[in-house]
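Encoded as structure tokens, the structure appears first; notes follow it.
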Amino acid sequence: MNLSSFALVRFLPVETDFGFIRMRVGAFILSLFMVLGSVTAFFTMGLNLGIDFRGGTAIEISTQGPADIALIREVVTAAVPGDVQVQGFGTEEDVLIRVGEIDPEVINALEGFDALDAAQAQQAVQQLVRAALVEAIPDVSFERMEVISPQVSDELRVAGATAVLVSLFLMLVYIWLRFEWQYSVGAVLALAHDVIITIGFFSVTQLQFNLPTIAAILTIVGYSMNDTVVIYDRIREMFRKYKSLPTAEVLDLAINATLSRTILTSGTTLVALIAMAVMGGPALEGFAMALIWGVAIGTYSSIFVAAPLLTVTGVRRDAGDRED
Numbered sequence: 033m034n035l036s037s038f039a040l041v042r043f044l045p046v047e048t049d050f051g052f053i054r055m056r057v058g059a060f061i062l063s064l065f066m067v068l069g070s071v072t073a074f075f076t077m078g079l080n081l082g083i084d085f086r087g088g089t090a091i092e093i094s095t096q097g098p099a100d101i102a103l104i105r106e107v108v109t110a111a112v113p114g115d116v117q118v119q120g121f122g123t124e125e126d127v128l129i130r131v132g133e134i135d136p137e138v139i140n141a142l143e144g145f146d147a148l149d150a151a152q153a154q155q156a157v158q159q160l161v162r163a164a165l166v167e168a169i170p171d172v173s174f175e176r177m178e179v180i181s182p183q184v185s186d187e188l189r190v191a192g193a194t195a196v197l198v199s200l201f202l203m204l205v206y207i208w209l210r211f212e213w214q215y216s217v218g219a220v221l222a223l224a225h226d227v228i229i230t231i232g233f234f235s236v237t238q239l240q241f242n243l244p245t246i247a248a249i250l251t252i253v254g255y256s257m258n259d260t261v262v263i264y265d266r267i268r269e270m271f272r273k274y275k276s277l278p279t280a281e282v283l284d285l286a287i288n289a290t291l292s293r294t295i296l297t298s299g300t301t302l303v304a305l306i307a308m309a310v311m312g313g314p315a316l317e318g319f320a321m322a323l324i325w326g327v328a329i330g331t332y333s334s335i336f337v338a339a340p341l342l343t344v345t346g347v348r349r350d351a352g353d354r355e356d
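Reminder that position 319 of the sequence shown reads as 351 in my numbering, one-by-one numbering, no gaps.
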């Protein structure tokens with residue numbers, strides 16, 4: 033039997049005919065609800081800021097053989113009553129330990145400490161970690177021990193927020209130059225929608241928010257923009273092809289034409305990210321969860337926010353005749 037006679041099994045149809053534009057009012061209401069909910073959660077619940085944004089103690093150690101990250105994390109967590117992060121870096125013998133800033137009253141309550149101020153409390157943390165590690169791992173060597181001041185943490189917060197805002201502005205300029213201003217407004221509103229809802233997700237879940245989370249948000253911005261540009265390219269192509277069709281029908285044609293690609297790309301990305309979240313341990317949990325949420329929201333916004341917003345911004349049909 034000729035194997036070519038068998039049809040390929042398709043999990044998603046190549047051609048779909050969903051009326052996405054008809055659902056835009058409901059999608060806009062849902063997005064508005066999520067954005068307002070995220071803003072409310074941010075101002076009422078706040079973020080569970082990590083050591084990068086709160087200050088604390090950083091300790092670099094090295095061992096004679098491959099470092100046992102799990103053992104080191106267990107030892108340090110038992111030694112100090114604070115937020116502890118342990119991760120490998122450089123070679124497999126090198127480990128970075130970070131302990132969040134601890135209230136001096138907590139340290140003063142421990143045996144052997146009394147009447148310490150904030151700076152002395154952080155020094156005490158270093159002593160506790162050193163003593164615990166030397167007892168558990170006799171061959172450990174301490175390469176660096178330093179205190180991350182609140183001033184440095186404030187600078188990191190400002191730098192992280194600036195990076196996100198600059199990325200949104202540059203995306204606005206890029207889309208404006210590549211397409212038309214109507215497209216750029218829709219794309220940037222969709223990106224801002226993704227960023228705000230992702231921050232709201234961290235406020236509600238109280239997952240730790242740190243520098244890797246900022247990196248994840250910037251990655252989400254790029255991923256969502258990529259999806260949006262693919263749909264916008266197809267919209268412009270459809271405007272050239274179907275000059276007499278109403279704008280809403282052209283938008284539906286473009287979204288449906290790219291739907292299979294969008295879902296498959298997002299799906300395969302989510303498979304890798306879920307594996308990272310499950311297998312990566314505490315060090316990668318926040319980063320992976322931010323990306324999982326961001327990819328899902330970015331896919332939604334590309335289909336239900338960015339493209340339908342063109343009906344609000346009044347995209348010009350003759351903009352489709354512009355050549356790159």
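All C-beta atoms, glycine included, are put in the ideal place defined by N, C-alpha and C.
Quiz item: With a CB to CB cut of under 7 Å and the five nearest residues on each side skipped, what residues in its chain are close to ILE169?
Solution: THR95
* **Three-way DSSP call (helix, strand, coil) for GLN155 in this model** => helix
- Message: Going by DSSP in three states, ASP259 sits in which element: helix, strand or coil?
- Response: helix
SER334, DSSP secondary structure in three states: helix
**Study point:** Where SER37 sits in the DSSP three-state scheme
**Key:** Because SER37 carries a pLDDT of 42, less than 50, the predicted location of this residue cannot be relied on, and no value is offered for it.
- List the residues that DSSP assigns as beta-bridge partners of GLN214. Answer by DSSP bridge pairing: none, since GLN214 is not bridged.
- Query: Per the contact definition of three or more C-beta pairs closer than 8 Å, is the region 114–121 in contact with the region 74–86?
  - Reply: yes
My output table needs one value for SER298: the three-state DSSP class, helix, strand or coil.
helix
Considering only the beta carbon of each residue, do ALA111 and ALA164 sit closer than 8 Å?
yes
Enumerated in chain order, which unbroken segments of the beta strand (DSSP E) with a length of 3 residues or greater are wholly contained in the region 75–144? 88–94, 116–120, 126–132
#### Entry: Start-to-end residues for the alpha helix (DSSP H) that takes in VAL344
342–345
- request: Go through its chain and collect everything with a Cβ distance to SER333's Cβ below 7 Å, but skip five positions before and after it.
  value: ALA222, HIS225, ASP226, SER256
Beta-carbon separation of ILE129 and ILE93 under 8 Å?
yes
**Asked** According to DSSP, is SER173 helix, strand or coil?
**Response** strand
- Assuming GLY312 and ALA320 form a contact by the criterion Cβ under 8 Å, report the distance between their Cβ atoms to the nearest whole angstrom. 6 Å
Task: Where ARG176 falls, given that 16 or more other Cβ within 10 Å makes a residue buried - done: exposed
- What's the gap between the Cα of GLU281 and the Cα of ILE53? 8 Å
query = Does the region 55–64 come close enough to the region 334–346 that 3 or more CB-CB pairs lie under 8 Å?
reply = yes
- Query: Do LEU305 and LEU243 come within 8 Å of each other at the CB atom, strictly closer than that value?
  - Reply: no
When you compare each of GLY97, LEU160, ARG268 to THR109 by their alpha carbons, which one comes out closest? LEU160
Q) How would you label GLN238, buried or exposed, when you count the other beta carbons within 10 angstroms and need 16 or more for buried? A) exposed
Comparing alpha-carbon positions, which option in ASP171, THR230, LEU291, SER276 lies nearest ILE104?
ASP171
- Exposed or buried, which one is SER235 when buried takes at least 16 other CB atoms within 10 Å? buried
- Task: Whole angstroms is fine: what's the gap from ILE228's alpha carbon to ARG272's?
- Result: 34 Å
task = On the DSSP bridge assignment, give the partners of PHE241 in chain order.
result = LEU81
- Message: So the candidates are ASP284, THR251, GLY254; which of them puts its Cα closest to the Cα of ARG266?
- Response: ASP284
With DSSP collapsed to three states, give me the class of ASP356.
-> Annotation note: pLDDT 46 at ASP356 (below 50); position unreliable, no value reported.
- prompt: To the nearest angstrom, how far is it from the Cα of ILE263 to the Cα of ALA195?
  reply: 26 Å
**Report entry** Own chain, CB closer than 7 Å to THR301, minus 5 neighbours either side, in chain order
**Finding:** VAL327
- Item | Top-ranked residue by Cα proximity to VAL67, from GLY232, VAL157, TYR215, THR343 | GLY232
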